[in-house]
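K.L.:
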Amino acid sequence: YTLPGWRKYNLTYRIINYTPDMARAAVDEAIQEGLEVWSKVTPLKFTKISKGIADIMIAFRTRVHGRCPRYFDGPLGVLGHAFPPGPGLGGDTHFDEDENWTKDGAGFNLFLVAAHEFGHALGLSHSNDQTALMFPNYVSLDPRKYPLSQDDINGIQSIYGLPKEPAKPKEPTIPHACDPDLTFDAITTFRREVMFFKGRHLWRIYYDITDVEFELIASFWPSLPADLQAAYENPRDKILVFKDENFWMIRGYAVLPDYPKSIHTLGFPGRVKKIDAAVCDKTTRKTYFFVGIWCWRFDEMTQTMDKGFPQRVVKHFPGISIRVDAAFQYKGFFFFSRGSKQFEYDIKTKNITRIMRTNTWFQCK
Amino acid sequence: FPLVRMTENEENMQLAQAYLNQFYSLEIEGNHLVQSKNRSLIDDKIREMQAFFGLTVTGKLDSNTLEIMKTPRCGVPDVGQYG
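Top to bottom, those sequences are chains A and B.
Take any residue in the first sequence, note its place counting from 1, add 2, and you have its number in the numbering used here.
Take any residue in the second sequence, note its place counting from 1, add 547, and you have its number in the numbering used here.
Structure below.
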């Protein structure tokens with residue numbers, strides 16, 4: 003049973019509020035994966051927005067709620083509902099906050115219920131095929147398995163058609179250490195090492211040892227994404243790595259549980275969407291974050307952003323009037339890299355002491 | 548006097564009517580009829596629901612039918628009212 007669907011393939015969604023039952027990142031993941039179930043078999047694309055009106059507005063509500071003509075009934079019973087494509091309430095999806103939402107088999111798996119409700123938000127009605135995701139009753143399937151039955155796929159493809167042919171994936175390029183134009187995504191110290199991140203790889207050098215190791219990031223931290231954007235070592239023997247609005251904390255070779263977290267938990271305003279570079283001054287235990295032409299300073303001891311920031315980078319580091327790709331501290335100096343150039347900076351006298359190529363660390367001839 | 552407790556049957560019928568109201572448009576079609584508890588309409592709706600879920604179509608509120616009605620589920624109506 004299908005209705006006319008959305009008249010466009012690119013749809014937006016917004017999570018208006020979060021259930022306290024799950025970590026915020028777990029809710030984001032369950033919703034994203036619930037939508038991907040359908041984008042895998044259609045030309046549909048879903049983009050998350052954090053303000054304004056999205057096509058699919060998602061909320062956790064109880065009992066009678068707002069303008070919604072349907073109501074919830076406390077624990078068990080009705081778990082969620084959604085509205086067919088259209089303006090206003092169309093596409094909106096509500097989950098009953100009186101349920102126990104989980105990301106595994108206990109309680110009600112948010113991913114499974116979300117994927118079902120998004121079927122409605124895209125134009126599918128209930129199916130009487132007991133193996134279908136669009137069957138109305140909750141069935142505790144293995145959330146790791148792909149949940150759509152052929153009945154579901156036939157239904158959604160009868161509205162939107164088949165997925166567009168994906169463009170042939172570009173072969174991932176392998177960066178070369180002595181490429182004169184080499185740039186870095188992020189650089190950090192790590193105990194007695196320095197790590198240079200680039201795409202899916204990293205180089206490691208050890209203090210005063212000439213050899214250079216070249217590894218896949220995933221060989222240390224499989225859960226980390228490629229193309230990181232910033233990294234630094236904090237005073238507690240941990241590394242923090244950043245990508246878009248997320249950051250991960252690493253101790254040794256383990257990514258700590260409950261990560262990624264949002265960079266906004268560090269005190270960045272909502273308008274900041276990514277971090278370009280970060281470096282922690284071991285002496286003052288203050289971490290500088292670089293975003294475009296601005297820098298913030300974070301007090302590692304109080305875990306708060308210092309007042310009076312952001313400041314323009316060039317104001318706080320005279321001479322550094324560039325956008326910073328990566329930064330790290332080595333033997334007391336800050337090193338800012340931008341493109342294939344690197345600036346050695348004396349933070350006491352506040353001036354550039356040397357300008358080098360970014361890959362001078364790799365003993366290139 | 549102690550309140551007369553609803554018999555289990557009455558409770559089950561009340562649950563069934565709420566379920567059929569919500570998911571099989573009993574109330575809309577029944578309108579004022581539901582006030583007079585028109586059994587045949589309720590039996591029809593039970594049959595419709597049993598057919599949808601692949602149960603034995605009896606029009607009677609048997610244990611299998613009740614069990615399905617008590618299973619946590621989606622709040623969108625099953626057929627007809629979606630839209």
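For each residue, glycine too, the CB sits at the ideal point set by N, CA and C.
Figure out for me which residue from Asp23/A, Val80/A, Leu13/A has the closest Cα to the Cα of Phe570/B.
P.N.:
Counting from 1 along the second sequence, the entry for residue 570/B is found at position 23. Ranking the options by Cα distance to Phe570/B, first place goes to Val80/A.
K.L.:
To the nearest angstrom, how far is the alpha carbon of Ser323/A from that of Ala329/A?
P.N.:
In the first sequence, counting from the first residue as 1, residue 323/A sits at position 321. In the first sequence, counting from the first residue as 1, residue 329/A sits at position 327. Approximately 14 angstroms, taken between the alpha carbons.
K.L.:
Pick out whichever of Ser221/A, Ile189/A, Pro224/A, Phe222/A has its Cα sitting closest to the Cα of Ile207/A.
P.N.:
On the first sequence, position 205 is the one that residue 207/A refers to. If we check each option's Cα against that of Ile207/A, Ile189/A comes out closest.
K.L.:
With a threshold of 16 other CB atoms inside 10 Å of the CB of Arg69/A, please say whether the residue is buried or exposed.
P.N.:
Start at 1 with the first residue of the first sequence, and residue 69/A comes out as number 67. Arg69/A comes out exposed.
K.L.:
In whole angstroms, what is the alpha-carbon distance linking Asp590/B and Asp100/A?
P.N.:
Counting from 1 along the second sequence, the entry for residue 590/B is found at position 43. Counting from 1 along the first sequence, the entry for residue 100/A is found at position 98. The alpha-carbon atoms of Asp590/B and Asp100/A are separated by roughly 32 angstroms.
K.L.:
Could you check where the alpha helix (DSSP H) with Ser339/A kicks off and where it finishes?
P.N.:
For the purposes of this step, residue 339/A is taken as residue 337 along the first sequence, with counting starting at 1. Ser339/A -> not in any alpha helix (DSSP H); beta strand (DSSP E) instead, spanning 335–340.
K.L.:
Scan the segment 177–209 of chain A and note each continuous beta strand (DSSP E) run of 3 residues or more that stays entirely inside, going in chain order.
P.N.:
The qualifying runs are 188–192, 195–200, 203–208.
K.L.:
Is the beta carbon of Phe62/A less than 7 angstroms from the beta carbon of Gly82/A?
P.N.:
To locate residue 62/A, count along the first sequence from 1; it is residue 60. To locate residue 82/A, count along the first sequence from 1; it is residue 80. No, the pair does not count as a contact, with Cβ atoms beyond the cut-off.
K.L.:
Between Ala220/A, Lys343/A, Phe216/A, which has its C-alpha nearest Arg356/A's C-alpha?
P.N.:
To locate residue 356/A, count along the first sequence from 1; it is residue 354. Of the candidates Ala220/A, Lys343/A, Phe216/A, the one whose C-alpha sits nearest the C-alpha of Arg356/A is Lys343/A.
K.L.:
For Pro89/A, is the classification buried or exposed, using 16 other Cβ atoms within 10 angstroms of its Cβ as the cut-off for buried?
P.N.:
The residue you call residue 89/A lines up with position 87 of the first sequence. Under this definition Pro89/A is an exposed residue.
K.L.:
Using the C-alpha atoms, what's the distance from Phe337/A back to Leu184/A?
P.N.:
Translated into the one-based positions of the first sequence, residue 184/A becomes position 182. Translated into the one-based positions of the first sequence, residue 337/A becomes position 335. Taking the straight line joining both Cα atoms gives about 16 angstroms.
K.L.:
Alpha carbons only, please: which of Tyr15/A, Lys42/A, Trp40/A is nearest the one belonging to Asp30/A?
P.N.:
The residue labelled residue 30/A in the question sits at position 28 within the first sequence. Nearest option by C-alpha distance: Tyr15/A.
K.L.:
When you compare the CB of Thr612/B with every CB in chain A, is at least one pair closer than 7 angstroms?
P.N.:
Within the second sequence, residue 612/B is the residue found at index 65, counting from 1. Taking Cβ atoms only, chain A never reaches closer than 7 angstroms to Thr612/B, which makes this a no.
K.L.:
Assuming Phe199/A contacts Ile219/A under a Cβ cut-off of 8 angstroms, what Cβ separation, rounded to an integer in Å, is found between them?
P.N.:
The residue you call residue 199/A lines up with position 197 of the first sequence. The residue you call residue 219/A lines up with position 217 of the first sequence. Rounded, the Cβ-Cβ distance is 7 angstroms, consistent with contact.
K.L.:
Just verifying my parser: in three-state terms, what is the DSSP assignment at Gly36/A?
P.N.:
Working through the first sequence from its first residue, we reach residue 36/A at position 34. Reduced to three states, the DSSP call for Gly36/A is helix.
K.L.:
Name the chain A residues that come within less than 8 angstroms of Thr618/B, Cβ to Cβ?
P.N.:
By 1-based counting over the second sequence, the position of residue 618/B is 71. Here the neighbours are Asn139, Tyr140.
K.L.:
One question on the structure: do Glu217/A and Leu204/A come within less than 7 angstroms of each other, judged by their Cβ atoms?
P.N.:
To locate residue 217/A, count along the first sequence from 1; it is residue 215. To locate residue 204/A, count along the first sequence from 1; it is residue 202. Yes, the Cβ-Cβ distance between Glu217/A and Leu204/A is below 7 angstroms.
K.L.:
Taking Cβ positions, are Gln287/A and Pro237/A nearer each other than 7 angstroms?
P.N.:
The residue given as residue 287/A occupies position 285 in the first sequence. The residue given as residue 237/A occupies position 235 in the first sequence. Looking at the sequence provided, one finds Arg at residue 287/A rather than Gln. Yes.
K.L.:
Using three-state DSSP, classify His83/A as helix, strand or coil.
P.N.:
To locate residue 83/A, count along the first sequence from 1; it is residue 81. Of the three classes helix, strand and coil, the one that applies to His83/A here is strand, per DSSP.
K.L.:
I'd like the list of long-range same chain contacts for Ala179/A, defined as Cβ closer than 8 angstroms, with 5 residues on each side in sequence excluded.
P.N.:
The residue given as residue 179/A occupies position 177 in the first sequence. Closer than 8 angstroms at the Cβ level, and outside the excluded window around Ala179/A, lie Trp205, Val214, Phe216, Asn361, Phe364, Cys366.
K.L.:
Quick check on Leu124/A - is its C-beta less than 7 angstroms from some C-beta in chain B?
P.N.:
Here residue 124/A refers to the residue found at position 122 when the first sequence is read from its first residue. Taking Cβ atoms only, chain B never reaches closer than 7 angstroms to Leu124/A, which makes this a no.
K.L.:
For Gln582/B, would you say it is in contact with chain A, using Cβ-to-Cβ distances shorter than 7 angstroms as the test?
P.N.:
In the second sequence, counting from the first residue as 1, residue 582/B sits at position 35. Unreliable placement is indicated for Gln582/B, whose pLDDT of 48 sits below 50; the coordinate value is still reported in the next sentence. No - not a single Cβ of chain A is within 7 angstroms of the one on Gln582/B.
K.L.:
Anything in chain B within Cβ reach of His118/A, meaning under 8 angstroms, just list it in chain order.
P.N.:
As a first step, residue 118/A must be located in the first sequence, where it is residue number 116. Those within 8 angstroms of His118/A in chain B are Cys621.
K.L.:
Going straight from the alpha carbon of Ala565/B to that of Ser151/A, what length do you get?
P.N.:
The residue labelled residue 565/B in the question sits at position 18 within the second sequence. The residue labelled residue 151/A in the question sits at position 149 within the first sequence. Between Ala565/B and Ser151/A, the C-alpha separation is close to 30 angstroms.
K.L.:
Starting from the beta carbon of Gln132/A, find every residue of chain E whose beta carbon is closer than 9 angstroms, and list them in chain order.
P.N.:
Chain labels in this structure do not include chain E; the protein chains are A and B.
K.L.:
Using a Cβ cut-off of 7 angstroms (strictly closer), state whether Asp625/B contacts chain A.
P.N.:
One-based indexing of the second sequence puts residue 625/B at position 78. It does; some Cβ of chain A falls within 7 angstroms.
K.L.:
Which word fits Thr44/A, buried or exposed, when buried means at least 16 other C-beta atoms lie within 10 angstroms of its C-beta?
P.N.:
Stepping through the first sequence from its first residue, residue 44/A is reached at position 42. Buried: at least 16 other Cβ atoms inside 10 Å.
K.L.:
Considering only the alpha carbon of each residue, which of Gln132/A, Pro77/A, Asp94/A, Phe186/A lies closest to Arg340/A?
P.N.:
For the purposes of this step, residue 340/A is taken as the residue at position 338 of the first sequence. Ranking Gln132/A, Pro77/A, Asp94/A, Phe186/A by Cα distance to Arg340/A puts Phe186/A first.
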